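**Student:** The numbering of the sequence shown is this note's numbering, which starts it at 2 and goes up by one. Just so you know, even glycine gets a beta-carbon here, dropped at the ideal spot from N, CA and C. Please read all numbers here as calculations on a predicted model, not as lab measurements.
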Amino acid sequence: MAADTVPVTGWGRTAPTAARLIRPRTYGEAALAVRDCGARGGIARGLGRAYGDAAQNAGGAVLDMTGLDRVHAIDADGGTVLCDAGVSLHRLMQVLLPLGWFVPVTPGTRYVTVGGAIGADIHGKNHHVSGSFSRHVLSLELLTADGDVRTVVPGTPLFEATAGGMGLTGVILTATVRLQPVQTSLMSVDTERANDLDDLMARLADTDHRYRYSVAWIDLLARGRATGRAVLTRGDHAPLDALPPGTRARRDPLSFRTSRLPAAPSFLPEGLLSRTTVGLFNELWYRRAPRARTGQLQRIPAFFHPLDGVPHWNRVYGPGGFVQYQFVVGHGREDALRRIVRRISERRCPSFLAVLKRFGEADPGWLSFPVPGWTLALDIPAALPGLAGFLDELDEEVAGAGGRVYLAKDSRLRPELLAAMYPRLADFRALRAELDPRAVFTSDLSRRLHL
Ligand SMILES: Cc1cc2nc3c(=O)[nH]c(=O)nc-3n(C[C@H](O)[C@H](O)[C@H](O)COP(=O)(O)OP(=O)(O)OC[C@H]3O[C@@H](n4cnc5c(N)ncnc54)[C@H](O)[C@@H]3O)c2cc1C
2 MAADTVPVTG WGRTAPTAAR LIRPRTYGEA ALAVRDCGAR GGIARGLGRA
52 YGDAAQNAGG AVLDMTGLDR VHAIDADGGT VLCDAGVSLH RLMQVLLPLG
102 WFVPVTPGTR YVTVGGAIGA DIHGKNHHVS GSFSRHVLSL ELLTADGDVR
152 TVVPGTPLFE ATAGGMGLTG VILTATVRLQ PVQTSLMSVD TERANDLDDL
202 MARLADTDHR YRYSVAWIDL LARGRATGRA VLTRGDHAPL DALPPGTRAR
252 RDPLSFRTSR LPAAPSFLPE GLLSRTTVGL FNELWYRRAP RARTGQLQRI
302 PAFFHPLDGV PHWNRVYGPG GFVQYQFVVG HGREDALRRI VRRISERRCP
352 SFLAVLKRFG EADPGWLSFP VPGWTLALDI PAALPGLAGF LDELDEEVAG
402 AGGRVYLAKD SRLRPELLAA MYPRLADFRA LRAELDPRAV FTSDLSRRLH
452 L
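So this is what it looks like as structure tokens:
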């Protein structure tokens, strides 16, 4: 198999490292690539939407799994799909929606693979109801370091290490996933504004249970009494009778249409997203949102994946790229969330459209990110002066409150804090040492954090 050595980055485009990029087209080729990956090891990669260094491997091999992208079987009565791990959620939506099924969990982009969804145990706007992606995985096939292909099912240590295990237990080849039934491909959406962080938390805590999907876009540049002001968008799949009779939508209720704007140019100057431009954007966006509106019909891309409409939108941060910082702190630690939000808004980080969400019950993945509580995610240009030290301080605050940062977004956490954030880390390391004693599966993330 041909393998070029190329620079590989995460979605944030920070810290590219060179690796041999191999694109297996068969399971046999994937097994050969693992066997021959050499002293620096190898790591599976999906669509590269992890923001940091999880799917990079300096000096080693990176297995681009998107060449294995077959949908093998759909049980349209029972609501399950068996597919290769390189299939994207976008493709699954194209295939499944016309049959009345939706993916059980989608992140803020549908350009992620099933392998990446399990590897990071991703969560969506429905975490408080449906948990994270791996909760809906009925079984998977895992190519391990010894060249075996194992069938792995929930309730076993290997499943729990693989769900959220960032590709470090092996290469997922296929998965069987339970689906969500839908009557239409439209969403019925309620929108409301919150005046500040306490108002926002109260609204989410009081009424989230009424909605399958819930998220708040928060203005982290607002200060003073407006600190933490936000727009909540919450909703569910629209039932058929919510679509107006006689309309195209009613005639073809399960059609899945997407549109894309021209891609962001490949070169954009640093500093395009200054405090002034982002502040203006946030102000406009907050003022334009309705104070309260119910039952608006929205298409799936508009509700779940607004950024997917602009290919390569990650270039707007300029050549230096950007860091996405996402953490969670448990219920009862709202004090820590308040302090962190205040610090971010006082620091004037030019972050547009940060997201706050309430997580529900945790899933069993040992390195799975969600725990019941509050999660905040924000983008920050990597070139912001003093950013590293500032985020180190936030990490301390998060760890001190018993919280954690999300490894799929991370590119800079210090390893000392990891064990406090992920109490099952020792189990994960022990399982890896036994399953893969030569550390065949290795990534820049695993080297940096001693996973
Ligand atoms: C705009 C945007 C919005 C996002 N919103 C969310 C969100 O709401 N919730 C959320 O949880 N995440 C979110 N993410 C992060 C994204 O969902 C995860 O990083 C996901 O893992 C990316 O999948 P991928 O296919 O691109 O995998 P990659 O980024 O290529 O890899 C991610 C990890 O999965 C592993 N992996 C990939 N394929 C396999 C395989 N076949 N076998 C074993 N391991 C594998 C890799 O080794 C790596 O550790 C978002 C990302 C973007 C860019």
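For a minimum of 4 consecutive residues, which ranges assigned as the alpha helix (DSSP H) are wholly contained in the stretch 325 to 365?
**Tutor:** Whole alpha helix (DSSP H) segments, 4+ residues: 335 to 348.
**Student:** Just verifying my parser: in three-state terms, what is the DSSP assignment at Phe370?
**Tutor:** Looking at Phe370 - three-state DSSP - the assignment turns out to be coil, as it is neither helix nor strand.
**Student:** Excluding sequence positions up to five away, which residues of its chain have a Cβ less than 7 Å from the Cβ of Val9?
**Tutor:** Within the same chain, Val9 has close Cβ partners Pro17, Thr18, Ala20, Leu22, Gln57, Val63.
**Student:** Quick one: residues in its chain with C-beta nearer than 7 Å to the C-beta of Arg413, no 5 flanking neighbours on either side, listed in chain order?
**Tutor:** Answer for Arg413: Val324, Ala389, Leu392, listed in chain order.
**Student:** To the nearest angstrom, how far is the alpha carbon of Trp218 from that of Arg36?
**Tutor:** Between Trp218 and Arg36, the C-alpha separation is close to 45 Å.
**Student:** Please state the DSSP three-state secondary structure of Pro254.
**Tutor:** In this structure, Pro254 counts as coil in the three-state DSSP scheme.
**Student:** Is there at least one non-hydrogen atom of ligand 1 closer than 6 Å to the beta-carbon of Trp12?
**Tutor:** For ligand 1, at least one heavy atom lies less than 6 Å from the Cβ of Trp12.
**Student:** So Met188 and Gly236 are in contact, right, with Cβ under 8 Å, and what is the actual spacing, rounded?
**Tutor:** Going by Cβ atoms, the distance from Met188 to Gly236 rounds to 5 Å, so yes, they are a contact pair.
**Student:** When you compare the CB positions of Pro373 and His332, do they come within less than 7 Å of one another, or not?
**Tutor:** Yes, the Cβ-Cβ distance between Pro373 and His332 is below 7 Å.
**Student:** In the DSSP assignment, what residue or residues form a beta bridge with Asp76?
**Tutor:** Paired residues: Thr81.
**Student:** Near Val154, what residues of its chain come up, given a Cβ to Cβ distance below 7 Å and the 5 sequence neighbours on each side ignored?
**Tutor:** Cβ neighbours of Val154 beyond the five flanking positions: Ser140, Phe160.
**Student:** Consult DSSP for Trp375 and reduce its assignment to one of helix, strand or coil.
**Tutor:** Strand at Trp375.
**Student:** Go ahead and label Pro291 buried or exposed: buried means 16 or more other beta carbons lie within 10 angstroms of its beta carbon, across all protein chains shown.
**Tutor:** That one is exposed.
**Student:** Look at the Cβ atom of Ala402, then the Cβ atom of Ala337, and state whether they are nearer than 7 Å.
**Tutor:** A contact, by the Cβ cut-off of 7 Å.
**Student:** Could you pull the start and end residues of the alpha helix (DSSP H) that Glu417 belongs to?
**Tutor:** Run containing Glu417: none; DSSP gives neither H nor E here.
**Student:** Would you kindly work out how many angstroms separate the C-alpha atoms of Ser447 and Thr277, rounded to a whole number?
**Tutor:** So the alpha carbons of these two residues sit roughly 37 Å apart.
**Student:** Using 7 Å as the threshold, is the C-beta distance between Ala383 and Gly322 below it?
**Tutor:** Yes; because the gap between Cβ atoms is below 7 Å, this pair is in contact.
**Student:** Under three-state DSSP, which class holds Arg92?
**Tutor:** DSSP places Arg92 in helix when its eight states are reduced to three.
**Student:** With burial defined as no fewer than 16 other Cβ atoms inside 10 Å of the residue's Cβ, what is the status of Met2: buried or exposed?
**Tutor:** Classification of Met2: exposed, given that the 10 Å Cβ count is below 16.
**Student:** Kindly indicate which three-state DSSP category Gly296 falls into: helix, strand or coil?
**Tutor:** In this structure, Gly296 counts as strand in the three-state DSSP scheme.
**Student:** In chain order, what residues of the same chain lie with their CB nearer than 6 Å to the CB of Pro240, ignoring the 5 residues before and after it?
**Tutor:** Excluding positions up to five away in sequence, the list reads Gln184.
**Student:** With a 10 Å radius around its C-beta and 16 neighbouring C-beta atoms as the bar for buried, classify Pro25 as buried or exposed.
**Tutor:** Flag for Pro25 reads buried.
**Student:** Say the cut is 6 Å; is the CB of Ile301 nearer than that to a heavy atom of ligand 1?
**Tutor:** No, the Cβ of Ile301 stays beyond 6 Å of every heavy atom of ligand 1.
**Student:** Measuring straight from C-alpha to C-alpha, what distance separates Leu450 and Arg41?
**Tutor:** So the alpha carbons of these two residues sit roughly 16 Å apart.
**Student:** Report whether the distance from the Cβ of His124 to the nearest heavy atom of ligand 1 is below 6 Å.
**Tutor:** Yes, the beta carbon of His124 sits closer than 6 Å to at least one heavy atom of ligand 1.
**Student:** Tell me the residue span of the alpha helix (DSSP H) that contains Leu205.
**Tutor:** Per DSSP, Leu205 belongs to the alpha helix (DSSP H) from 198 to 208.
**Student:** What's the C-alpha gap between Ser131 and Met422?
**Tutor:** Using only the alpha carbons, I get a separation of about 23 Å.
**Student:** Run the CB neighbour count on Gly166, radius 10 Å, all protein chains shown included, and call it buried at 16 or more, exposed below.
**Tutor:** Counting Cβ neighbours within 10 Å, Gly166 comes out buried, since at least 16 surround it.
**Student:** When DSSP labels each residue in this structure, what does Pro158 get in the three-state scheme?
**Tutor:** If DSSP states are grouped into helix, strand and coil, Pro158 belongs with the helices.
**Student:** Just to check my reading of the structure: Phe442 and Ala146 have Cβ atoms closer than 8 Å, yes? What is that Cβ distance to the nearest angstrom?
**Tutor:** Sure, about 6 Å apart at Cβ, within 8 Å.
**Student:** Are the Cβ atoms of Leu395 and Ser352 separated by less than 7 Å?
**Tutor:** Contact: no.
**Student:** Do you know offhand how far Pro386's Cα is from Gly49's?
**Tutor:** Going from the Cα of Pro386 to the Cα of Gly49 covers about 27 Å.
**Student:** Which first and last residues belong to the beta strand (DSSP E) in which Trp218 is found?
**Tutor:** First-last of the beta strand (DSSP E) with Trp218: 214 to 219.
**Student:** How far does the alpha helix (DSSP H) with Ser447 in it extend, from its first residue to its last?
**Tutor:** Looking at the DSSP string, the run of the alpha helix (DSSP H) that includes Ser447 is 445 to 450.
**Student:** Just to confirm the assignment, what range does the beta strand (DSSP E) spanning Val63 have?
**Tutor:** 62 to 65 is the span of the beta strand (DSSP E), which, as asked, contains Val63.
**Student:** Using only the heavy atoms of ligand 1, determine whether one of them is closer than 6 Å to the beta carbon of Leu111.
**Tutor:** The question names Leu, but residue 111 in the sequence shown is Arg. Answer for Arg111: no, Cβ out of range of ligand 1.
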